[in-house]
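Undergrad:
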Amino acid sequence: MSRDELYQQIKSYLVDVFEVPADKVTPDARLYEDLDLDSIDAVDLIVKLQDLTDQKFKPDDFKSARTVADVADRVDAMMKAQA
Amino acid sequence: MLDRLGRIYRILGTGFFFAILFGGGAAIAAIAFPIVGLTTRDPRLRRERNQYIIHLLFRSYIGSMRLMRLAFFDYRGLDKLRDAPGRMVIANHPSLLDVVMLMALMPRAQCIVKQSLWESPYLGRLVRGAGYISNALPTEQLIEACRQSIDDKTCLIVFPEGTRTTPGEPMRLQRGFANVALMLGLDIQLVTITCTPPTLLKGQKWYAIPPRRPVFRVDVGEMLSVKHMLNDHGRPLAARKLVRMVSAYYEDKLANG
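Going down the list, the protein sequences come from chains A and Z.
Whatever position you read off the first sequence (first residue = 1), add 1 for this note's numbering.
Whatever position you read off the second sequence (first residue = 1), add 8 for this note's numbering.
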């Protein structure tokens, strides 16, 4: 899965699962401040990404991720490290 | 003149009660908790006893405020609290006295506490010693602590606003309570608290007492069952829906009584 496909998939999760208005989801949108996610949502999102990529992530893997693009980058990097 | 005397009496009385709340809380944390700790090995039993001591402290606190006529307390639907153990009890949060009133009414209450209170130099020891739950815990530990509270058949008190309502602003609920309730399949007992005239609000000094003696009303209202809400939606969506339902409930309650 390419980095761009990952981003699109994360975007569709945010819209479908977390009720974020589609026009608010941009690469630079901050998860907590702009998209109104909370820490439980973050855990739920990580679980979704695990199901998607068949990998195991720890919440700490995403500690420094603040924006949607950060999340895509993190997942992309971890998939590449695994491959 | 009488009015003025009455006001001075209430300022002194309110100050006295604040001193007792903080002083008494600190004394219990420093004296009673260590005694319980020495005599009770089992952590669950220890937590239960410490929380019961706080219940007694708060009950006598409200009782003496009532006796000294510093405030009136108007309780409605209290019989519904008999079934509250093992449930989540949520309330709006207009005043500093809310948790004191709720814990005075429930002998076995667990509570999710905001981080600033957890670390408070005055009440922090009391809050930590009682074994309440910090809202800054990592998600999994927070859920586990809530599950424990329900398994122990305590009332799990949560103020979904996370802190006292900012006067003049609309109530804003956080979603944590909804996710916890859905994850654990809890029943939610809704409680509405009002104070007229308003006093002990967020950002208000304790001595800014109202012109009349305040009436605190605790109205134990509907019980919400959330289990069925997961039938049609994933939990994140269901939690958002639940937050909207509860917000609408409180908006209506606070507007129409």
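For every residue, glycine included, the Cβ atom is placed at its ideal position computed from N, Cα and C.
Just the Cα atoms here: how many angstroms apart are residue 134 of chain Z and residue 214 of chain Z?
TA: Rounded to whole angstroms, residue 134 of chain Z to residue 214 of chain Z spans 21 Å at the Cα level.
Undergrad: Expressed to the nearest angstrom, what Euclidean distance is found between the alpha-carbon atoms of residue 16 of chain A and residue 236 of chain Z?
TA: About 23 Å.
Undergrad: Which residue marks the beginning of the alpha helix (DSSP H) containing residue 52 of chain Z, and which one marks its end?
TA: Its alpha helix (DSSP H) spans residues 51-75.
Undergrad: May I ask which residues mark the beginning and end of the beta strand (DSSP E) holding residue 8 of chain A?
TA: Residue 8 of chain A -> not in any beta strand (DSSP E); alpha helix (DSSP H) instead, spanning 4-17.
Undergrad: Is the CB of residue 178 of chain Z under 8 Å away from at least one CB in chain A?
TA: Closer than 8 Å: no.
Undergrad: Kindly indicate the opening and closing residues of the alpha helix (DSSP H) around residue 45 of chain Z.
TA: Segment 41-47, the alpha helix (DSSP H) holding residue 45 of chain Z.
Undergrad: In chain Z, which residues lie less than 9 Å from residue 19 of chain A when you measure between Cβ atoms?
TA: Correct list: 244, 245 and 248.
Undergrad: Measuring alpha carbon to alpha carbon, tell me which of Z:167, Z:195 and Z:231 ends up nearest residue 182 of chain Z.
TA: Measuring from the Cα of residue 182 of chain Z, the nearest candidate turns out to be Z:167.
Undergrad: Can you round the beta-carbon distance between residue 27 of chain A and residue 69 of chain A to whole angstroms, since I take them to be within the 8 Å contact cut?
TA: Confirmed, about 7 Å.
Undergrad: I believe residue 207 of chain Z touches residue 218 of chain Z by the beta-carbon criterion, under 8 Å. Please report the beta-carbon distance rounded to the nearest angstrom.
TA: With a Cβ gap of about 5 Å, residue 207 of chain Z and residue 218 of chain Z count as contacting.
Undergrad: Consider the Cβ of residue 187 of chain Z: report whether some Cβ of chain A lies at a distance smaller than 8 Å.
TA: So, interface residue.
Undergrad: For residue 44 of chain A and chain Z, any beta-carbon pair shorter than 8 Å?
TA: Yes, residue 44 of chain A lies at the interface with chain Z (some Cβ there is under 8 Å from its Cβ).
Undergrad: If you check the beta carbons only, do residue 85 of chain Z and residue 229 of chain Z fall under 8 Å apart?
TA: Yes, they are a contact pair.
Undergrad: Who are the Cβ neighbours of residue 83 of chain A in its own chain at under 8 Å, not counting the five residues just before and after it?
TA: Closer than 8 Å at the Cβ level, and outside the excluded window around residue 83 of chain A, lie 56.
Undergrad: Chain Z partners of residue 3 of chain A, CB-CB under 8 Å?
TA: Those do not exist, as residue 3 of chain A stays about 26 Å from chain Z at its closest Cβ, beyond 8 Å.
Undergrad: On a Cα-Cα basis, can you pick out the residue from Z:38, Z:126, Z:265 and Z:115 that is closest to residue 68 of chain Z?
TA: With distances taken between Cα atoms, residue 68 of chain Z lies closest to Z:115.
Undergrad: Whose Cβ in chain Z lies nearer than 7 Å to the Cβ of residue 40 of chain A?
TA: Result: 147.
Undergrad: Mind reading off the beta-carbon distance from residue 100 of chain Z to residue 165 of chain Z? Whole number of angstroms is fine, and I expect it under 8 Å.
TA: No, residue 100 of chain Z and residue 165 of chain Z are not in contact; Cβ-Cβ is about 12 Å, not under 8 Å.
Undergrad: What three-state label does DSSP hand residue 14 of chain Z in the structure shown?
TA: Note: residue 14 of chain Z maps to helix in three-state DSSP.
Undergrad: From the beta carbon of residue 183 of chain Z, is the nearest beta carbon of chain A less than 8 Å away?
TA: At least one chain A Cβ lies under 8 Å of residue 183 of chain Z.
Undergrad: Given 8 Å as the limit, is there contact between the region 40-47 of chain Z and the region 140-147 of chain Z, that is, 3 or more CB pairs closer than that?
TA: No, the region 40-47 of chain Z is not in contact with the region 140-147 of chain Z.
Undergrad: Over what stretch of residues does the beta strand (DSSP E) that includes residue 33 of chain A continue unbroken?
TA: Counting along the chain, residue 33 of chain A falls outside any beta strand (DSSP E), and DSSP gives it neither H nor E.
Undergrad: Considering only C-alpha positions, which residue in the set Z:156, Z:20, Z:118 and Z:254 is nearest to residue 76 of chain Z?
TA: Ranking the options by Cα distance to residue 76 of chain Z, first place goes to Z:20.
Undergrad: So, does the CB of residue 140 of chain Z fall closer than 8 Å to a CB anywhere in chain D?
TA: Absent here is chain D; the protein component of the structure consists of chains A and Z.
Undergrad: Determine the burial state of residue 204 of chain Z: buried for a count of at least 16 other Cβ atoms within 10 Å of its Cβ, exposed for fewer.
TA: By the neighbour-count rule (16 or more Cβ atoms within 10 Å), residue 204 of chain Z is not buried but exposed.
Undergrad: Assuming residue 278 of chain Z contacts residue 120 of chain Z under a Cβ cut-off of 8 Å, what Cβ separation, rounded to an integer in Å, is found between them?
TA: Because chain Z is modelled from 9 through 265, residue 278 of chain Z falls outside the range shown and cannot be assessed.
Undergrad: In or out: residue 59 of chain Z buried (at least 16 other Cβ within 10 Å) or exposed?
TA: Buried, since its Cβ has 16 or more Cβ neighbours within 10 Å.
Undergrad: How is residue 103 of chain Z classed by DSSP in three states: helix, strand or coil?
TA: Three-state DSSP puts residue 103 of chain Z in coil, outside helix and strand.
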